[in-house]
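Residue numbers (this note's numbering): 21 to 101.
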């Protein structure tokens with residue numbers, strides 16, 4: 021319905037609509053969708069990245085598709101992804 025009306029959708033990457041996913045995959049969202057890494061209901065990207073090592077590693081592997089270890093700090097390359 022939103023596409024038919026020309027309305028932009030909003031997705032929070034760490035709150036995906038799909039119950040089997042931990043993170044949304046922005047490249048799979050429709051063209052008319054804005055993706056945000058966080059919102060008022062969750063911590064900032066930098067906060068969770070630097071505080072939750074296990075989740076950071078899952079994000080780096082599953083979303084960024086990297087088998088390398090992620091950086092400990094939320095560097096610009098992570099934030100711009």
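C-beta atoms are modelled at their ideal positions from N, C-alpha and C, and glycine is treated no differently.
Between residue 29 and residue 36, the CB-CB gap reaches or exceeds 8 Å.
Taking C-beta atoms under 8 Å as the contact rule, residue 93 and residue 52 fail to qualify, at a distance of about 33 Å. Annotation: residue 27 is outside any alpha helix (DSSP H) and is labelled neither H nor E by DSSP. A check of alpha carbon separations from residue 61 across 75, 34, 96 identifies 34 as the nearest. Residue 101 counts as exposed, since fewer than 16 other beta carbons sit within 10 angstroms of its beta carbon.
By the criterion of a C-beta distance shorter than 7 Å, residue 83 is surrounded in its chain by 43, 45, once the five residues flanking it on both sides are discounted. Put simply, of 54, 39, 38 the residue whose alpha carbon is nearest the alpha carbon of residue 31 is 54. In the same chain as residue 71, and ignoring 5 residues on each side of it, the C-beta atoms closer than 8 Å to its own belong to 63, in chain order.
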